[in-house]
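I have placed the structure first, in the form of structure tokens, so that the comments after it can refer back to it.
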Amino acid sequence: MTTLLWLRRDLRRADLPVLLAAADATSDDVAVVFVVDPALWQSGGTVRRAWLAASVQATNDSYDGQLTVLYGDPRDVIPAAARRIGVTSVHVSRETTPFGSRRDQQVAKALRDNGIDWVETGTPYAIGPGTLTTKAGTGFKVFTAYRRAWSDHGAPAPAGDAEPSWRNVDSDAQALAALRAAQDAPGLIDLPEAGESAALGRWRDFLDEALGDYDTDRDRADRHGTSGLSPYLKVGAIHPRTLLADLGSRSGTGRYTFVSELAWRDFYADVLWRQPRSGWHDLTDALQHMPYDEVGPDVEAWRQGRTGYPFVDAGMRQLLATGWMHNRVRMVTASFLTKDLHVWWPVGASFFLNRLLDGDVASNNHGWQWVAGTGTDAAPYFRVFNPITQGKKFDPDGDYVRRWVPELRHLSGSAVHEPWRHTDGYREGYPERIVDHAAERHVALERYQSNRAATDR
Ligand SMILES: Cc1cc2nc3c(=O)[nH]c(=O)nc-3n(C[C@H](O)[C@H](O)[C@H](O)COP(=O)(O)OP(=O)(O)OC[C@H]3O[C@@H](n4cnc5c(N)ncnc54)[C@H](O)[C@@H]3O)c2cc1C
Numbered sequence: 003m004t005t006l007l008w009l010r011r012d013l014r015r016a017d018l019p020v021l022l023a024a025a026d027a028t029s030d031d032v033a034v035v036f037v038v039d040p041a042l043w044q045s046g047g048t049v050r051r052a053w054l055a056a057s058v059q060a061t062n063d064s065y066d067g068q069l070t071v072l073y074g075d076p077r078d079v080i081p082a083a084a085r086r087i088g089v090t091s092v093h094v095s096r097e098t099t100p101f102g103s104r105r106d107q108q109v110a111k112a113l114r115d116n117g118i119d120w121v122e123t124g125t126p127y128a129i130g131p132g133t134l135t136t137k138a139g140t141g142f143k144v145f146t147a148y149r150r151a152w153s154d155h156g157a158p159a160p161a162g163d164a165e166p167s168w169r170n171v172d173s174d175a176q177a178l179a180a181l182r183a184a185q186d187a188p189g190l191i192d193l194p195e196a197g198e199s200a201a202l203g204r205w206r207d208f209l210d211e212a213l214g215d216y217d218t219d220r221d222r223a224d225r226h227g228t229s230g231l232s233p234y235l236k237v238g239a240i241h242p243r244t245l246l247a248d249l250g251s252r253s254g255t256g257r258y259t260f261v262s263e264l265a266w267r268d269f270y271a272d273v274l275w276r277q278p279r280s281g282w283h284d285l286t287d288a289l290q291h292m293p294y295d296e297v298g299p300d301v302e303a304w305r306q307g308r309t310g311y312p313f314v315d316a317g318m319r320q321l322l323a324t325g326w327m328h329n330r331v332r333m334v335t336a337s338f339l340t341k342d343l344h345v346w347w348p349v350g351a352s353f354f355l356n357r358l359l360d361g362d363v364a365s366n367n368h369g370w371q372w373v374a375g376t377g378t379d380a381a382p383y384f385r386v387f388n389p390i391t392q393g394k395k396f397d398p399d400g401d402y403v404r405r406w407v408p409e410l411r412h413l414s415g416s417a418v419h420e421p422w423r424h425t426d427g428y429r430e431g432y433p434e435r436i437v438d439h440a441a442e443r444h445v446a447l448e449r450y451q452s453n454r455a456a457t458d459r
């Protein structure tokens, strides 16, 4: 009997345990399916939708053109397809986000009611959420302890290849139209090449050219010091297990730090799985009495990269132009919104989530909470990023700012970080600062003190 492999955040063919499971469970063939779920599709944002569509298309190539694309609510579509094709089991990589887990429980129940098995194998993580616990049996609250346990546990080796026969099933015309429309959206930015070969190519380039200096270069916004793999990890075009296996016997601080970043990804997924509410609410009550400002024109200036702070604006414009932003600049732009504009972090998190190719509730929203001071291991609230000194430190020659902010290209070197110090600084129309950072830092700290006082009462 046929088995059904339902791909979601695992859009690849290599190192895919669930493919082995689906192949092992049949003596006939495997139907491979992706579902365009209108609820997720509409909420995803143009850029992320287009990236997903391109990734699905590339996956179809990996599966020799045998990927079936269906349209509709998976709670209806998957059981209906399973009955129509006549499968004995449906195979998935375990989904651990609040939305995905809830949906899967309902799909699994509908299948089981029809006598069809639901089988979960693997997750999108090196070590899946819920696997690691403290001695007391609870989840880890701080990264350093999690990182130790994560290393001690170790990741499994990559899965081998499977070459089952594929069951050819017609795709829904509506699903194919949605994929096409997403990629033809008016005004869409240029996307990187999608798919697992592109991901592997990028990974090999990173190993050859950047891993050695990763520890120092990863913070430099003006260098290509990081892997750029996050959009591929997001859709599962490559799995962290593959990366860890390739790093194998390599040594050095670059390797150590890179592995730690993969552990951060797992850590945030674990935190979200244990506390699903933390996706859109403060993880801790550290700022429970914090007064926040309403969203107004300053937030719109932040969104458009027109705050008058060059490093912040360069980051926001990089995001709008490419669907990706350097990690250091994500921290600085998030700090600016939460501490200079005094806006609650979910406002920024949802803006990022819609525009990032790697937009991911666990990494994004906990990254925001880390900066805002409500999350795990949070930087103390009084550590407010200074957008000017951060720019000078992590873009010392100003190349990053000049790349993304054309109105400042006439300024040389680090002068771009302070156009107000130059008589011709605003010559090309760069906006004046919307707030005074020093003054707003003071306001943020005062609000924090009043929040503490209210908490202690
Ligand atoms: C406010 C804010 C929002 C963020 N939003 C996202 C998001 O939506 N999706 C996302 O994947 N990452 C997010 N990050 C984490 C980080 O910025 C990106 O993973 C990284 O910039 C991706 O670039 P890269 O692949 O070149 O990273 P590399 O430096 O090459 O790191 C390799 C991989 O490790 C993981 N990683 C690295 N840093 C982190 C981190 N701090 N937290 C979790 N995982 C990490 C990513 O999967 C990344 O691809 C966010 C960070 C902040 C501060």
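If you read the sequence shown in our numbering, its first letter stands for residue 3, the second for the next number, and so on. All residues carry an ideal CB built from backbone N, CA and C; glycine is no exception.
With DSSP run on the structure shown, which of helix, strand or coil describes residue i?
| i | result |
| --- | --- |
| H93 | strand |
| W326 | coil |
| W422 | helix |
| L285 | coil |
| T61 | helix |
| D119 | strand |
| T136 | coil |
| D300 | helix |
| L343 | coil |
| F384 | coil |
| T244 | helix |
| Y428 | coil |
| L447 | helix |
| L359 | coil |
| A212 | coil |
| V437 | coil |
| D31 | strand |
| Y73 | strand |
| L235 | helix |
| L9 | coil |
| T4 | strand |
Applying the 10 Å Cβ sphere with the 16-neighbour rule, what's the burial state of residue i?
| i | result |
| --- | --- |
| Q371 | buried |
| W282 | exposed |
| S280 | buried |
| T457 | exposed |
| E448 | exposed |
| N170 | exposed |
| M318 | buried |
| P19 | buried |
| P158 | exposed |
| F384 | exposed |
| T3 | The sequence shown places Met at residue 3, not Thr. Flag for M3 reads exposed. |
| S452 | exposed |
| K341 | buried |
| T255 | exposed |
| H368 | buried |
| Q107 | exposed |
| S167 | exposed |
| T146 | exposed |
- Should the region 72-83 be regarded as contacting the region 167-184, the criterion being three or more beta carbon pairs within less than 8 Å? For the pair of segments examined, the region 72-83 was found to touch the region 167-184: the number of CB pairs separated by less than 8 Å reaches three.
- Item | Given 8 Å, three or more beta-carbon pairs between the region 342-358 and the region 270-277 | In the pairwise beta carbon analysis, the region 342-358 is classified as not touching the region 270-277: fewer than three pairs are separated by under 8 Å.
- Mind the definition here: the region 43-56 touches the region 189-205 only if three or more C-beta pairs lie below 8 Å; say whether that holds. As far as the Cβ criterion goes, the region 43-56 touches the region 189-205, which means the pair count is three or higher.
- Is the region 217-237 close to the region 80-98, with three or more CB pairs under 8 Å? No, they do not touch.
- Query: So, do the region 239-252 and the region 115-129 have three or more beta carbon pairs nearer to each other than 8 Å?
  - Reply: A contact is defined here as three or more CB-CB pairs under 8 Å, and the region 239-252 meets this definition with respect to the region 115-129.
- Message: So, does the region 425-440 touch the region 374-384, judging by three or more C-beta pairs under 8 Å?
- Response: Not touching, per the Cβ criterion.
- Query: On the three-pair Cβ rule with 8 Å, is the region 290-301 touching the region 152-172?
  - Reply: The region 290-301 makes no contact with the region 152-172: fewer than 3 CB pairs, one atom from each, lie closer than 8 Å.
- Query: In the region 369-418, which residue ranges form an unbroken alpha helix (DSSP H) of at least 4 residues, counting only runs that do not cross its ends?
  - Reply: Entirely contained in the region 369-418, the alpha helix (DSSP H) runs reaching 4 residues are, in chain order, 389-396, 401-406.
- Message: Quick check: the region 409-423 against the region 258-267, are at least 3 beta-carbon pairs closer than 8 Å?
- Response: Because the criterion of three Cβ pairs below 8 Å is not met, the region 258-267 and the region 409-423 do not touch.
- Task: Give, in chain order, every unbroken run of the beta strand (DSSP E) that is at least 3 residues long and sits entirely within the region 119-202.
- Result: Taking only runs of at least 3 residues, the beta strand (DSSP E) segments lying wholly in the region 119-202 are 119-122.
- Taking three-plus beta-carbon pairs below 8 Å as touching, is the region 29-46 in contact with the region 117-124? Short answer: they don't touch.
- Task: Indicate whether the contact test is met: 3 or more Cβ pairs, each with one atom in the region 214-223 and one in the region 134-141, closer than 8 Å.
- Result: The region 214-223 vs the region 134-141: no contact.
- Could you tell me whether the region 381-397 touches the region 301-314, where touching means 3 or more Cβ pairs closer than 8 Å? Inter-segment contact for the region 381-397 and the region 301-314 is present: three or more beta-carbon pairs are separated by less than 8 Å.
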